[in-house]
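Below: the structure, in structure tokens.
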Amino acid sequence: MLSRLTRPQALAVCALPAAALLATAVFAPLPFSVAQPGSTANVLGAYRGTQVITVSGAATRKTSGQLRMTTIVATGPDTRVSLGDVLDNWFRTDRAVMPRDAVYPSGDTVKEIEKHNQAQMEESQDAAAQAALKYLGLSPDKVKVTLKLADVGGPSAGLLFTLGIIDKLDGDGSGGDLTGGRTIAGTGTIDAAGKVGAVGGVALKTQAARRDGATVFLVPKAECGEAKAELPKGLRLVPVTTLKGAVDSLVALEKGKGPVPSC
1 MLSRLTRPQA
11 LAVCALPAAA
21 LLATAVFAPL
31 PFSVAQPGST
41 ANVLGAYRGT
51 QVITVSGAAT
61 RKTSGQLRMT
71 TIVATGPDTR
81 VSLGDVLDNW
91 FRTDRAVMPR
101 DAVYPSGDTV
111 KEIEKHNQAQ
121 MEESQDAAAQ
131 AALKYLGLSP
141 DKVKVTLKLA
151 DVGGPSAGLL
161 FTLGIIDKLD
171 GDGSGGDLTG
181 GRTIAGTGTI
191 DAAGKVGAVG
201 GVALKTQAAR
211 RDGATVFLVP
221 KAECGEAKAE
231 LPKGLRLVPV
241 TTLKGAVDSL
251 VALEKGKGPV
261 PSC
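The opening position of the sequence shown corresponds to residue 1 in this note's numbering, with each subsequent residue numbered one higher.
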């Protein structure tokens, strides 16, 4: 058949399947999510009309400055992401193309994922309260901490929750604020022993932090490289691995004395 066609005709016929495959690749759904900087929330204050941190059984102090937890917003698990979407967002500094399994590691439906994220948030809140009270030498039998952050899931606010509890109860330990009146932002999981863990999406979270006025960003040390890659101007990175290290760094910043690590 092809031998009877002219060369241009033969090339045109052969090009049709290739064009069809290319069109299929461009519009077919791919296992990716597109993420961007999300909202931030000051854990020392209210979020959507509700106090984030409430303490009973111990006196709290008036704080200045802000401790802002950060988030990213990603396309939903059931959103179709095509090759065109990937190419459009790949080189944007305010977007990240991430494997869907990295954004939604558990569950097949939106409800399952929401349930999983809510469970992670509740575990994170429990660990944050335990870590803060242990750091301050307070008994959980006498001091009760309630944490509320509507419509935010996952464990990545753990570090900021813990620092917020400490600031409300004890500040810097000598009458001052952990923030030193600054707007401090950050991210990181935490366990009851005070160990800080990595979370993902750090480069986008630094952008959200700077957009909302932060000048210092606490980042899990393991994610320094990612955070530095697209670091907004005017935002200082402080790497942390433990709760004690984070508190020590904030106190050093506040007082202008002592070493403050950098990425």
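We put the beta carbon where it would ideally sit given N, CA and C, even for glycine.
Answer yes or no: the CB of residue i versus the heavy atoms of the ligand NAD, is any distance below 6 Å?
i	result
Thr187	With respect to small molecules bound, the structure shown includes none, and the ligand NAD cannot be examined in it.
Return the CA-CA distance between residue i and residue j, expressed in angstroms with no decimal places.
i	j	result
Gly234	Ser39	19 Å
Glu254	Asp191	25 Å
Val55	Lys148	12 Å
Val13	Leu83	Here the model assigns Val13 a pLDDT of 45, short of 50, so the residue's position is not dependable and the matter cannot be decided.
Lys144	Gly57	6 Å
Thr24	Arg95	Any reading at Thr24 must be qualified, since the residue scores a pLDDT of 42, below 50, and its modelled position is unreliable; no value is offered.
Lys195	Cys263	18 Å
Ser33	Leu138	42 Å
Val251	Leu163	12 Å
Phe91	Glu230	12 Å
Gly225	Pro31	25 Å
Asn117	Ala198	16 Å
Asn89	Leu133	43 Å
Thr189	Ala157	6 Å
Leu136	Ser174	13 Å
Ala128	Thr70	16 Å
Arg211	Ala46	19 Å
Leu178	Ile165	11 Å
Thr242	Gly49	31 Å
Phe27	Thr93	Confidence in Phe27 is poor, its pLDDT being 49 and thus under 50, which makes the residue's placement unreliable; the coordinate value appears in the next sentence. Approximately 24 Å, taken between the alpha carbons.
Ala193	Pro140	14 Å
Leu44	Gln51	8 Å
Thr146	Gly213	26 Å
Gly258	Pro232	25 Å
Gly76	Ala208	20 Å
Ser249	Glu122	27 Å
Under 7 Å, do residue i and residue j count as touching if we go by C-beta distance?
i	j	result
Arg182	Thr206	no
Val86	Val97	yes
Val260	Pro239	no
Phe217	Ala185	yes
Ile53	Gly201	no
Leu61	Asn42	The displayed chain sequence assigns Arg, not Leu, to residue 61. No, they are not a contact pair.
Leu269	Pro37	In this structure the chain extends from 1 to 263, so residue 269 is not present and cannot be described.
Pro155	Gln130	no
According to the neighbour-count rule (16 or more other Cβ atoms, all chains shown, within 10 Å of its Cβ), is residue i buried or exposed?
i	result
Thr187	buried
Lys142	exposed
Gln66	buried
Ala15	Here Ala15 scores only 46 on pLDDT, less than 50, and its place in the model should not be relied on; the value that follows carries that caveat. Exposed is the call here.
Glu223	buried
Gln125	buried
Asp167	buried
Ser64	exposed
Arg80	exposed
Ala59	exposed
Ala150	exposed
Any Cβ of chain B within less than 7 Å of the Cβ of residue i?
i	result
Gly49	Judged by its chain identifiers, the structure shown contains no chain B, having just a single protein chain.
Going by C-alpha to C-alpha distance, which of the options sits closest to residue i?
i	options	result
Asp170	Gly45, Asp88, Val247, Gly49	Val247
Phe221	Trp90, Leu237, Pro232	Residue identity check: residue 221 is Lys in the sequence provided, not Phe. The residue with the shortest Cα to Cα distance from Lys221 is Leu237.
Leu159	Gly245, Lys62, Gly49	Gly245
Lys111	Gly45, Thr63, Asp78, Gly258	Asp78
Ile113	Ala74, Ala128, Thr146, Arg48	Ala74
Gly256	Gly213, Asp172, Lys228, Val152	Asp172
Gly153	Asp101, Lys115, Ala227	Lys115
Looking only at DSSP bridge pairs, what is residue i linked to?
i	result
Gly197	Thr189
Thr300	Only positions 1 to 263 of the chain appear in this structure, which leaves residue 300 out of reach.
Asn42	Arg68
Met98	Ser33
Thr183	Gln66
Thr242	Lys195
Arg236	Val216
Val73	Gln36
Tyr47	Thr50
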